[in-house]
Amino acid sequence: MRTSRRARLGTLATWTLVAAGSLWWPLTSVRAQQPDKKLWDGIYTAEQAARGKPRFEASCSRCHNIELVGSERGPALKGNGFWNKYENDSLGSLFTLIRDTMPRDGGAGVVSDEVKVDILAYILSRNDIPPGADELKLASNALEAIKITKKGCWTASSRPLRPSAASRAFCRGAVAAATNSISAATAVRR
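Mapping the sequence shown onto the numbering used here, position 188 (from 1) lands on 188, and the numbers just tick up by one.
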């Protein structure tokens with residue numbers, strides 16, 4: 001029995017698709033089992049932040065102030081100063097900055113990476129980012145996948161939101177501004 005060239009190519013194409021699918025499928029099932037962590041999903045523990053507090057006070061407060069509000073020697077690490085500087089960066093880029101350049105007056109090698117990740121957990125806690133069940137790890141690819149974003153009225157979450165008064169005011173202001181912009185654009189067209 002002789003098969004045509006077209007039939008052989010069809011069989012080859014079928015087996016190629018089967019092989020590609022068998023390689024692709026495990027990757028998608030692993031990804032489905034391990035969803036990306038979000039900043040607001042509890043990416044550090046309360047204990048880790050508590051360990052980071054005295055370490056921050058000993059190594060970082062000279063420049064960033066004990067209240068994390070900054071000074072002439074270093075920027076604020078909480079509140080609007082933090083969000084204005086680091087929003088839309090990844091947690092990985094912030095950790096890399098801390099790891100490679102802090103503390104400035106003693107050299108980056110004075111404080112270990114393990115201590116620096118605890119300090120980062122403390123900084124997150126001071127920005128009202130909630131703790132979770134798992135500690136923040138030094139895995140650079142995992143840190144890189146976490147984006148620093150404010151929690152606002154457009155945050156997607158599997159649990160109900162309980163926004164702070166500031167978040168509610170922000171959301172009301174954003175909605176009012178959008179409504180005013182739409183009203184102004186409509187008035188111009190008339």
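Note that beta-carbon positions come from the ideal geometry of N, C-alpha and C, so glycine has one too.
| What residues are listed by DSSP as bridge partners for residue 90? | 147
Cβ atoms of residue 147 and residue 80: under 9 Å apart, would you say? no
message: I'd like to confirm the pairing. Which residues does DSSP put opposite residue 71 in its beta bridges?
response: 74
Exercise for review: Measure the CB-CB distance between residue 206 and residue 92 and report whether it falls below 9 Å.
Suggested key: The structure shown does not extend to residue 206, since the chain is modelled only from 1 to 190, so the question has no answer here.
- For residue 143, which residues of its own chain have a beta-carbon under 6 Å away from its beta-carbon, when the five flanking residues on both sides are left out? 91, 92, 95
Same chain, Cβ closer than 6 Å to residue 77, five either side skipped, listed in chain order:
64, 68, 123
query: How should residue 58 be labelled, buried or exposed, when 16 other C-beta atoms within 10 angstroms of its C-beta is the threshold for buried?
result: exposed
Rounded separation between residue 114 and residue 151 - CA only
27 Å
Practice prompt. Can you give me the start and stop residues for the alpha helix (DSSP H) that residue 123 sits inside?
Written response: 113-126
Original post:
Which term fits residue 117, buried or exposed, when burial requires 16 or more other beta carbons within 10 angstroms of its beta carbon?
Top reply: buried
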